[in-house]
Amino acid sequence: KAGVTQTPRYLIKTRGQQVTLSCSPISGHRSVSWYQQTPGQGLQFLFEYFSETQRNKGNFPGRFSGRQFSNSRSEMNVSTLELGDSALYLCASSLGPGTPNTEAFFGQGTRLTVV
Amino acid sequence: GEDVEQSLFLSVREGDSSVINCTYTDSSSTYLYWYKQEPGAGLQLLTYIFSNMDMKQDQRLTVLLNKKDKHLSLRIADTQTGDSAIYFCAVHSGGYQKVTFGIGTKLQVIP
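Top to bottom, those sequences are chains A and B.
The first sequence begins at 287 in this note's numbering and counts up one residue at a time.
The second sequence begins at 3 in this note's numbering and counts up one residue at a time.
Quick look at the structure:
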C-alpha cells in the first residue's frame, strides 16, 4: 500500500509570502499530524487533524494553520513567511487520535526555504 | 509539557556498540520510541517500548527503560556505516497523538 505522500518535496519562498503544503495519508488512515523540524529546535508538533477537525495544537503562532478534507488529505498553510520558518515539515498519518506511533507513519517531508 | 532531552552527537568505530541516551520528564508516558532519519529522508520508526517494560531487544537493537530515572537508551550492536544517521527519542503522553521528540542525536560511524 502507498505510503504517506507529501508535496512538494522542496519549496523556496520569499519573506512575506504564504505557502501551502499537502499531505496524503495512507489509505484508511484518518488522522494526520504535522511537525516542524529545524536544526536548532528539533521536531516540534504543529497540529493534528482527525475527521476534518483539529484535535490538538502545538505552540505555534496563528500564521500556521491547517485543514483536513473529507478524504483525509491535509494541508498546512503558513502566511507572512519569516526566515525562521525555513524547515523540514513532516506529516504523519495514523488510524485515529490516540493511536500510538507504532502505527503512525511519516512522510518524507517538504523542505521549505524562505529567502 | 513533556520535555525530552538527548545529546547532540555520538561518534563510534565500525563494529563497536553505540549507546544513545534520552531522558524525559512525564512519568505518565505510555509509549517511547526511537526513530532514525537519514539525510534527505523522513522519519523511520526503528523500535519502541511500552512503559511497563524494562527492555526490548530487536536484532541488533536493544532498548532499555529506567522508569524511575525517566531514562531511555538505544544500543546498536556491531554498528555499521549504514547506521550513520540522526536518531530521535520520542515520547507519547496523553490520549491524543501528541508525541514529543528529542532534538536528535547524530551518530557518526567511523570505518
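Virtual Cβ for every residue (Gly too), placed ideally from N, Cα, C.
Just so we're clear, the structure is a prediction, and the values are computed from it rather than from any experiment.
For residue i, which residues in chain B fall below 7 Å Cβ to Cβ?
i                      : result
residue 392 of chain A : 44, 45
residue 329 of chain A : 90, 103
residue 395 of chain A : 44
residue 376 of chain A : 44, 45
Check the C-beta distance from residue i over to residue j and give it rounded, since I have them as a contact under 8 Å.
i                      : j                      : result
residue 14 of chain B  : residue 101 of chain B : Not really, about 27 Å apart at Cβ, beyond 8 Å.
residue 364 of chain A : residue 304 of chain A : 6 Å
residue 17 of chain B  : residue 80 of chain B  : 6 Å
residue 317 of chain A : residue 359 of chain A : Incorrect: roughly 12 Å between the Cβ atoms, too far for contact.
residue 104 of chain B : residue 7 of chain B   : 6 Å
residue 307 of chain A : residue 361 of chain A : 7 Å
residue 12 of chain B  : residue 107 of chain B : 6 Å
residue 355 of chain A : residue 289 of chain A : In fact, because the Cβ distance is near 19 Å, the residues do not count as touching under 8 Å.
residue 67 of chain B  : residue 109 of chain B : No, residue 67 of chain B and residue 109 of chain B are not in contact; Cβ-Cβ is about 20 Å, not under 8 Å.
residue 294 of chain A : residue 396 of chain A : 6 Å
Please list the terminal residues of the continuous beta strand (DSSP E) segment that includes residue i.
i                      : result
residue 103 of chain B : 101 to 103
residue 361 of chain A : 360 to 364
residue 378 of chain A : 373 to 380
residue 352 of chain A : 350 to 354
residue 401 of chain A : Note, residue 401 of chain A: premise wrong, no beta strand (DSSP E); not H, not E.
residue 7 of chain B   : 6 to 8
residue 111 of chain B : 107 to 112
residue 292 of chain A : 291 to 293
residue 34 of chain B  : 33 to 39
residue 369 of chain A : Here residue 369 of chain A belongs to no beta strand (DSSP E), and DSSP marks it neither H nor E.
residue 346 of chain A : First-last for residue 346 of chain A: undefined, no H or E at that position.
residue 23 of chain B  : 20 to 26
residue 29 of chain B  : Premise fails: residue 29 of chain B is in no beta strand (DSSP E) and is neither H nor E.
residue 13 of chain B  : 11 to 15
At a CB-CB cut-off below 8 Å, which residues of chain A make contact with residue i?
i                      : result
residue 106 of chain B : 328, 329
At the 9 Å Cβ level, is residue i part of the contact set with chain D, yes or no?
i                     : result
residue 84 of chain B : Absent from the structure is chain D; the protein chains it does hold are A and B.
Taking 8 Å as the line, does the beta carbon of residue i fall inside it for any heavy atom of the ligand ATP?
i                      : result
residue 381 of chain A : The model on display carries no ligand, and the ligand ATP is accordingly not part of it.
Task: Runs of beta strand (DSSP E) wholly within the region 44 to 92 of chain B (minimum 3 residues, chain order) - done: 46 to 52, 57 to 60, 63 to 68, 73 to 78
TODO: Check whether the region 30 to 42 of chain B touches the region 336 to 350 of chain A, taking contact to mean three or more Cβ pairs, one atom from each stretch, closer than 8 Å.
DONE: no
Open item on the list: I'd like the ranges of any beta strand (DSSP E) spanning at least 3 consecutive residues and lying wholly in the region 298 to 328 of chain A.
Closed with: As far as the region 298 to 328 of chain A is concerned, its whole beta strand (DSSP E) runs of at least 3 residues are 305 to 310, 317 to 324.
Task: At least three beta-carbon pairs within less than 8 Å, the region 72 to 79 of chain B to the region 295 to 314 of chain A - done: no
Open item on the list: I'd like to know if the region 372 to 381 of chain A and the region 304 to 322 of chain A are in contact, where contact means that at least 3 CB-CB pairs between them fall below 8 Å.
Closed with: yes
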